[in-house]
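First the structure, in the form of structure tokens, and then the observations on it.
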Amino acid sequence: MENKNIFLNSKLNISLAFIFFSMLYISYSLVLPNFISFEILGEYNIEMKKFYVINFTTFFGFNFGILLFRIILNMNKVVRRFFFTLVVLLNAFSFFAPDYDYFLFLRFLAGMGLGVFWIYVRIKTSFLSEYSKIKFYFGTLGLVLGYVFAAMINLIVVPQLGWSAGFLVLFSGFLLFPFNKYLDTNISYFDNNKECKICLNFFFFLSGFDFYILISNIKLIYFNVFSDLYLTNLHIFILTVLLLIGIKLSKYIFRFFSVFKIIITLNLLLIFFSIIGFYTSDKLLIILVTFLIFVFQSISWSFISQFESIKDDVENYLYAFHMSIFGGLFASFVSYLLYPQIERYMFVFIMIISMVFIIAFKFSLKSN
147 MENKNIFLNS KLNISLAFIF FSMLYISYSL VLPNFISFEI LGEYNIEMKK
197 FYVINFTTFF GFNFGILLFR IILNMNKVVR RFFFTLVVLL NAFSFFAPDY
247 DYFLFLRFLA GMGLGVFWIY VRIKTSFLSE YSKIKFYFGT LGLVLGYVFA
297 AMINLIVVPQ LGWSAGFLVL FSGFLLFPFN KYLDTNISYF DNNKECKICL
347 NFFFFLSGFD FYILISNIKL IYFNVFSDLY LTNLHIFILT VLLLIGIKLS
397 KYIFRFFSVF KIIITLNLLL IFFSIIGFYT SDKLLIILVT FLIFVFQSIS
447 WSFISQFESI KDDVENYLYA FHMSIFGGLF ASFVSYLLYP QIERYMFVFI
497 MIISMVFIIA FKFSLKSN
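Below, the structure is given as structure tokens:
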């Protein structure tokens, strides 16, 4: 019996490590192009407006992959592992694209693969709930550290070795596959037994839009403030660290304040600082505003993710994160349409989204 417990604990630890590094890999893959946007612009000689198409194609592919996950994950192990190997290759070889159109096509395919991989890891995470109460935290922590890692590579490695070095890091995805066998479980019995909570999915859509419209434009905003690439990359790194701090703070805030106070206060703060960001011409104040908005967004996102209806119902769990990525897709589309005015109107959208969030949240409370 003791040997069996040791085996189960070892399997649990390996599974948690797999989930952590998988989420880190996925988030790194999604956010990296935004952090090296200027380098990509120079490589393919395109204007900033065309860069937003990268995010659009990646998120579109991601959503398409989420829709296909049942087909791929119910195939045999050989086909499934071949598919995951292909995901890593498509991600890493994006920098070999001879022109911008090929690059977009590779990002679409990579996004589709990441969408499938995302749901795969999320579903496998649910199997650990019987053994570990920290399973959700490991996935979230890996997701956040992926952004921090991408910002660190952008700050330290890319200036020395070029933008392709950021994509070379994606070959590390192959290190995940030896541990994949610990999570092989048939998922075909998962069905949607409960009606999906529309309001909760709507919250994730709004949160995803708010988060990705800031991420998509942050390098442009900071470069216009500093006119220096190193300072721009340094502040992007600081921004991602603040995301990690926000996630940490959310755990403590949740203990002392009610649901209503947390959500309403955070969104009122987002509205207040968005108004400041829209009207101010002080560049340093813009930096401070983006820092604070990012912290408030991360706390809000983390808090919504902790709802029991998300953690205890797999289908609601999947739909909610799907809506978050769909929010990112919409944010990319808006950024494309509003460029070059997006720097100012980004704050307007964050303000409007926060207002809608408050109204929808109060409506959901009345409905319950």
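Going by this note's numbering, the first residue of the sequence shown is number 147, and it counts up by one from there. Glycine included, each C-beta is placed from N, C-alpha and C at the ideal position. Note that the structure is predicted; figures quoted are calculated from it, not measured.
Presumed contact (8 Å Cβ cut-off) between residue i and residue j, rounded CB distance
i      : j      : result
Gly354 : Gly474 : 5 Å
Phe424 : Val494 : 6 Å
Ile445 : Ile399 : 7 Å
Val290 : Leu214 : That pair is no contact at about 27 Å.
Leu176 : Thr203 : Wrong, their Cβ atoms sit about 12 Å apart, outside the cutoff.
Leu431 : Ile422 : 7 Å
Terminal residues of the alpha helix (DSSP H) in which residue i lies
i      : result
Pro305 : 304-307
Ser183 : 183-190
Phe400 : 375-402
Span separating the alpha-carbon of residue i from that of residue j
i      : j      : result
Ile165 : Gly259 : 16 Å
Val262 : Asp428 : 43 Å
Lys365 : Ser168 : 26 Å
Ser240 : Ile496 : 31 Å
Phe437 : Met194 : 23 Å
Thr386 : Phe295 : 9 Å
Glu148 : Leu375 : Caution applies to Glu148, whose pLDDT of 44 falls short of 50 and renders its modelled position unreliable; the model cannot decide the point.
Leu352 : Phe507 : 11 Å
Gly211 : Gly288 : 21 Å
Tyr198 : Ser183 : 9 Å
Pro486 : Arg401 : 42 Å
Ser481 : Asn209 : 18 Å
Phe372 : Phe230 : 40 Å
Ile410 : Gly312 : 38 Å
Ala477 : Tyr358 : 6 Å
Asn180 : Leu187 : 11 Å
Met469 : Leu483 : 21 Å
Tyr248 : Tyr190 : 11 Å
Val315 : Ala238 : 7 Å
Phe336 : Tyr266 : Residue placement at Phe336 is flagged as unreliable, the pLDDT there being 36, under the threshold of 50; the coordinate-derived value follows with that caveat. Rounded to the nearest angstrom, the two C-alpha atoms are 12 Å apart.
Leu178 : Ile504 : 31 Å
Ala163 : Leu388 : 23 Å
Leu360 : Tyr171 : 21 Å
Ser448 : Asn370 : 30 Å
Phe308 : Ala297 : Here residue 308 is Gly; the residue named in the question, Phe, does not match the sequence. So the alpha carbons of these two residues sit roughly 14 Å apart.
Gly207 : Ile471 : 10 Å
Ile192 : Ile433 : 26 Å
Arg490 : Asn201 : 20 Å
Glu185 : Met492 : 23 Å
Val435 : Ile408 : 20 Å
Tyr545 : Ser404 : Here the chain comprises residues numbered 147 to 514, so residue 545 is not present and cannot be evaluated.
Gln443 : Phe406 : 16 Å
Trp264 : Leu250 : 20 Å
Leu377 : Thr426 : 21 Å
Asp356 : Tyr246 : 27 Å
Gln306 : Phe228 : 33 Å
Phe479 : Phe242 : 26 Å
Tyr368 : Phe350 : 27 Å
Lys196 : Pro244 : 17 Å
Cutoff 8 Å: residue i Cβ touching any chain B Cβ
i      : result
Phe313 : Note that chain B does not occur in the displayed structure, where there is just one protein chain.
> Between the region 373-384 and the region 499-510, do three or more beta carbon pairs fall short of 8 Å?
Replying inline: no
> Is it true that the region 390-402 meets the region 234-253, where meeting means three or more beta-carbon pairs spaced less than 8 Å apart?
Replying inline: no
>> Pairs of beta-carbons, one from the region 301-308 and one from the region 248-261, closer than 8 Å: are there three or more?
In response: no
> Looking at C-beta atoms only, is the number of pairs between the region 358-375 and the region 408-425 that lie closer than 8 Å three or more?
Replying inline: no
> Where are the alpha helix (DSSP H) runs, 4 residues long or more, that stay fully inside the region 222-254, in chain order?
Replying inline: 223-238
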